[in-house]
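In the order they appear, the protein sequences are chains A and B.
By full-length UniProt numbering, the letter at position 58 of the first sequence is numbered 58, and the numbering carries on one by one without gaps.
By full-length UniProt numbering, the letter at position 266 of the second sequence is numbered 266, and the numbering carries on one by one without gaps.
Idealized CB from N, CA, C, for every residue including glycine.
All remarks here apply to the structure that follows.
Number of protein chains: 2
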Amino acid sequence: MGNTRINDRIVSDPHAGPPRMSDVARIAGVSKMTVSRVLAGHSVAPATRERVQQAIDDLGYVADAAAGALSSGKSEFVAVLVPSLASSNFSDTVRGLSAALEPHGLQILLGDTDYDLAREERLVRSMLRYQPRCIALTGSQHTEGTRQVLERSRIPVVEMWDLPANPIDMAVGFSNSRAAREMVRYLKDRGYRKIGFLAGASDLDRRGLERLKGYQQEMKAQGLGEPRVIRFGESPITMSHGAPALDALLGRWPDTNAVMCVSDMSAFGAIMQCHRRGLRVPADIAVAGFGNFEVSICCNPTITTVSVDAYGIGSRAGQLLLSSVASGTPRAVPERRKFTIDYTVISRESA
Amino acid sequence: MGNTRINDRIVSDPHAGPPRMSDVARIAGVSKMTVSRVLAGHSVAPATRERVQQAIDDLGYVADAAAGALSSGKSEFVAVLVPSLASSNFSDTVRGLSAALEPHGLQILLGDTDYDLAREERLVRSMLRYQPRCIALTGSQHTEGTRQVLERSRIPVVEMWDLPANPIDMAVGFSNSRAAREMVRYLKDRGYRKIGFLAGASDLDRRGLERLKGYQQEMKAQGLGEPRVIRFGESPITMSHGAPALDALLGRWPDTNAVMCVSDMSAFGAIMQCHRRGLRVPADIAVAGFGNFEVSICCNPTITTVSVDAYGIGSRAGQLLLSSVASGTPRAVPERRKFTIDYTVISRESA
DNA sequence: TTGAAAGCGTTACCAC
DNA sequence: GTGGTAACGCTTTCAA
Numbered sequence: 001m002g003n004t005r006i007n008d009r010i011v012s013d014p015h016a017g018p019p020r021m022s023d024v025a026r027i028a029g030v031s032k033m034t035v036s037r038v039l040a041g042h043s044v045a046p047a048t049r050e051r052v053q054q055a056i057d058d059l060g061y062v063a064d065a066a067a068g069a070l071s072s073g074k075s076e077f078v079a080v081l082v083p084s085l086a087s088s089n090f091s092d093t094v095r096g097l098s099a100a101l102e103p104h105g106l107q108i109l110l111g112d113t114d115y116d117l118a119r120e121e122r123l124v125r126s127m128l129r130y131q132p133r134c135i136a137l138t139g140s141q142h143t144e145g146t147r148q149v150l151e152r153s154r155i156p157v158v159e160m161w162d163l164p165a166n167p168i169d170m171a172v173g174f175s176n177s178r179a180a181r182e183m184v185r186y187l188k189d190r191g192y193r194k195i196g197f198l199a200g201a202s203d204l205d206r207r208g209l210e211r212l213k214g215y216q217q218e219m220k221a222q223g224l225g226e227p228r229v230i231r232f233g234e235s236p237i238t239m240s241h242g243a244p245a246l247d248a249l250l251g252r253w254p255d256t257n258a259v260m261c262v263s264d265m266s267a268f269g270a271i272m273q274c275h276r277r278g279l280r281v282p283a284d285i286a287v288a289g290f291g292n293f294e295v296s297i298c299c300n301p302t303i304t305t306v307s308v309d310a311y312g313i314g315s316r317a318g319q320l321l322l323s324s325v326a327s328g329t330p331r332a333v334p335e336r337r338k339f340t341i342d343y344t345v346i347s348r349e350s351a
Numbered sequence: 001m002g003n004t005r006i007n008d009r010i011v012s013d014p015h016a017g018p019p020r021m022s023d024v025a026r027i028a029g030v031s032k033m034t035v036s037r038v039l040a041g042h043s044v045a046p047a048t049r050e051r052v053q054q055a056i057d058d059l060g061y062v063a064d065a066a067a068g069a070l071s072s073g074k075s076e077f078v079a080v081l082v083p084s085l086a087s088s089n090f091s092d093t094v095r096g097l098s099a100a101l102e103p104h105g106l107q108i109l110l111g112d113t114d115y116d117l118a119r120e121e122r123l124v125r126s127m128l129r130y131q132p133r134c135i136a137l138t139g140s141q142h143t144e145g146t147r148q149v150l151e152r153s154r155i156p157v158v159e160m161w162d163l164p165a166n167p168i169d170m171a172v173g174f175s176n177s178r179a180a181r182e183m184v185r186y187l188k189d190r191g192y193r194k195i196g197f198l199a200g201a202s203d204l205d206r207r208g209l210e211r212l213k214g215y216q217q218e219m220k221a222q223g224l225g226e227p228r229v230i231r232f233g234e235s236p237i238t239m240s241h242g243a244p245a246l247d248a249l250l251g252r253w254p255d256t257n258a259v260m261c262v263s264d265m266s267a268f269g270a271i272m273q274c275h276r277r278g279l280r281v282p283a284d285i286a287v288a289g290f291g292n293f294e295v296s297i298c299c300n301p302t303i304t305t306v307s308v309d310a311y312g313i314g315s316r317a318g319q320l321l322l323s324s325v326a327s328g329t330p331r332a333v334p335e336r337r338k339f340t341i342d343y344t345v346i347s348r349e350s351a
């Protein structure tokens, strides 16, 4: 059985390609179901289990996950979308998600939206084809199409890094604007009054825009005069954006004595540029960043910044998705939930 | 047809959950096959196509990719493994792969080995369950199990960032040791003789080890005396590792006047520490990095480094995989190929 | 140009 | 504890 006579030769393996579950079953002298049970860890007589395992090892059998998913109606995918892989805070968030989800056998489908909402929609649509169990997005801004297709999919959704007014399902994040306001107050408390802000040029980075908004609001609230805003550089904001932005700021408002940056990356670039211009930080000009990236700790001077638990956002999001998947919470019941992640202004040498 | 009488009410949709291809077919008044053809872009009468498309849109139908893959025997997955997501060179490589593969409808399954070969093997085994069309690994070191399971899978494999003596299938990379040797010569040409090297502590980062080996070889070849090696910090080497490593180096060999680092990250940390110690770079001590990361351009002083086209490694690997998948090149024919990526020593201010 | 039937490799369900 | 059978949702193949 299983043997075939072709051109007068006995061929023991009737099919090409990798071994199937039926091959394992045949070799082990059991049915496919028993093989399936061994693989799933269900109860099987020890002796049988051993024979099956032996056959699996001999053949180098690897179960086809797609077939399994189709049959059981349950995939093991989780779709995850971040604006940029190159940004260390988002890769930390992905690590957090991964740490939470991997132990449960879930496989992450990772997508990089490049801060482009249309691209996000394309990726969401494309990933939905794999029937993911749940999905994690970054930010609260999405196209109408994205929202619609997610609403229809009925799977758990978590939005990260923001606290949307009207979340699709769940959200894990913090108020970027309030964090920026806190930094303004910190600088004011240290005696700085002429405070500038280096933001990105595009409106795609909503979290960056929120920080800018917070800065503007608090400058007004504290009576610190007209905001001094430079908008320069495409998202993601990198170190290279800091120097030209600083130059622009000092070109326009030469008496500025403190600079808030939308990210530690540009803060670092700005500090290096200060040094090149012969300005001491913070004696001549203070510089503050955002994100508590590694560079803020290693730079000389160390950089005052807002610390955000990026990894924690990911692992919290992962936990929420897990419990939501487990309980099968129907989204139709609008049990929308927001979860706040802490942030702190960390006082260092630069401001 | 398709309607069911339940509790005296006519229910038009006989099943729960998301719409199926048969639902679309029913609504459009065609067979499943016609829907399938519309989706695949095969020839269908314009009027029919329009009706089908309308039904798809109305229902918000999303084809199940797993079912399609099972039926056609062809998945759309590519497995990609990198040692660390946080490292910008690997995320650049992933972007390069993504750019090459995405236009062909291939979906990347990304895994993070954390510089752990056993974890790599687990991930490879796990990803193989999704029947990927091909796989990209980082480095030339793998467990016996990894090699075996890949050999058996018979799918195209590309190893990146190294040039293995005996590649599994294809390889895209460069000689890390030769690049390091070139940097030693560069420093010697600039008049430096007392050259130290800051390496990582663990042997997991094979590319780092290769660089260290190259340094040692060239120090000997050039008659530059005993190597001055500090091994400190777990992979991935980060900015924070630079300062303590530099301290250790100067503690042990106080007259060192040039420092090569396994990465721009530690080079940056070392430079900041030099400043803290009151040492001018490069007047008192030269520092060179590796990788041409953004920080090497933005730092003051700018950092002399080895530039490697990380994105190019990814896109080249992607192209190789594509053509290998397209041609169905059987690996049994040992048509093993290695592809070299260029690197250059970039002279900047720090050395 | 379109449709019907037969799988793809697995798991759920129900017998034994 | 184990096995047979019928799906799962799609594409391939072949026929109309």
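C-beta neighbour in chain B for THR238 of chain A, strict 8 Å: yes
Chain A within 8 Å of ASP8 of chain B, Cβ atoms only: Annotation note: pLDDT 28 at ASP8 of chain B (below 50); position unreliable, coordinate value reported separately. Not closer than 8 Å to any Cβ of chain A, the Cβ of ASP8 of chain B fails to qualify, so no.
Cα-Cα separation between ILE341 of chain A and TYR186 of chain A, rounded to whole angstroms: 20 Å
Three-pair Cβ contact test at 8 Å for the stretch 95-111 of chain B versus the stretch 312-331 of chain B: yes
Any C-beta of chain A under 8 Å from that of PHE268 of chain B: yes
Residue-level contact to chain B via CB, ILE297 of chain A, 8 Å cutoff: yes
For GLU159 of chain B: DSSP bridge partner residues: B:LEU137 and B:ALA171
Buried or exposed (CB count within 10 angstroms, at least 16 for buried), THR344 of chain B: exposed
Selection from A:GLY68, A:PRO46, A:ILE27 and A:PRO19 that minimises the alpha carbon distance to SER36 of chain A: A:GLY68
MET129 of chain A: first and last residue of the uninterrupted alpha helix (DSSP H) it sits in: Just to set this straight, residue 129 of chain A is Arg in the shown sequence, not Met. Premise fails: ARG129 of chain A is in no alpha helix (DSSP H) and is neither H nor E.
Buried versus exposed, by CB contacts within 10 Å (16 or more), GLN148 of chain A: exposed
Contacts of SER88 of chain B in chain A (Cβ-Cβ under 7 Å): ALA86
Within chain B, the residues that LEU110 of chain A reaches when beta carbons sit closer than 8 Å: ILE108 and LEU110
8 Å Cβ cutoff met for ASP64 of chain B and ARG129 of chain A: yes
Residue 428 of chain B at chain A interface by Cβ criterion, 8 Å: Only positions 1 to 351 of chain B appear in the structure, and residue 428 of chain B is not among them; the question remains open.
For PHE197 of chain B, three-class secondary structure by DSSP: strand
Any beta strand (DSSP E) of 3 or more consecutive residues that is wholly inside the stretch 63-126 of chain A: 77-82 and 107-112
Beta-carbon spacing of ALA201 of chain A, GLY173 of chain A below 8 Å: no
Residue from B:GLY196, B:GLY242, B:ARG231 and B:PRO244 with nearest C-alpha to GLY225 of chain B: B:GLY196
Distance, GLY278 of chain B Cα to ALA351 of chain A Cα: 21 Å
Nearest-angstrom Cβ-Cβ length linking SER177 of chain B and LYS213 of chain B, presumed shorter than 8 Å: 5 Å
Any chain B beta carbon closer than 8 Å to SER75 of chain A: yes
Contact under 8 Å by Cβ, GLN141 of chain B with LEU117 of chain B: yes
Chain-order list of residues whose beta-carbon lies under 6 Å from that of LEU246 of chain A (same chain, five-residue window excluded): ALA270 and GLN273
Chain-ordered neighbours of TYR130 of chain A on chain B, where CB pairs are closer than 7 Å: ALA65 and ALA66
Cβ shell of SER324 of chain A (< 6 Å), same chain only, five flanking positions each side left out: PRO156
7 Å Cβ shell around THR48 of chain A - same chain, five flanking residues per side excluded: VAL30 and THR34
VAL287 of chain A beta carbon less than 8 Å from that of VAL281 of chain A: yes
Member of A:GLN216, A:GLU76 and A:SER307 whose CA lies at the smallest distance from the CA of LEU198 of chain A: A:GLN216
Contact list for GLU294 of chain A against chain B, beta-carbon separation under 7 Å: THR238, MET239 and SER240
Min CB distance ALA55 of chain A to chain B below 8 Å: no
Chain B within 8 Å of LEU198 of chain A, Cβ atoms only: no
PRO167 of chain A to SER75 of chain A span [Cα, whole Å]: 25 Å
Chain-ordered residues of the stretch 150-162 of chain A with a beta carbon less than 8 Å from chain B: ARG152, SER153 and ARG154
Nonlocal neighbours in the same chain, by C-beta distance under 7 Å from ARG207 of chain A, ignoring five residues either side: GLY139, TRP161, ASP162 and ASN176
Assumed close pair LEU81 of chain B, GLY111 of chain B - CB separation to whole angstroms, cut-off 8 Å: 5 Å
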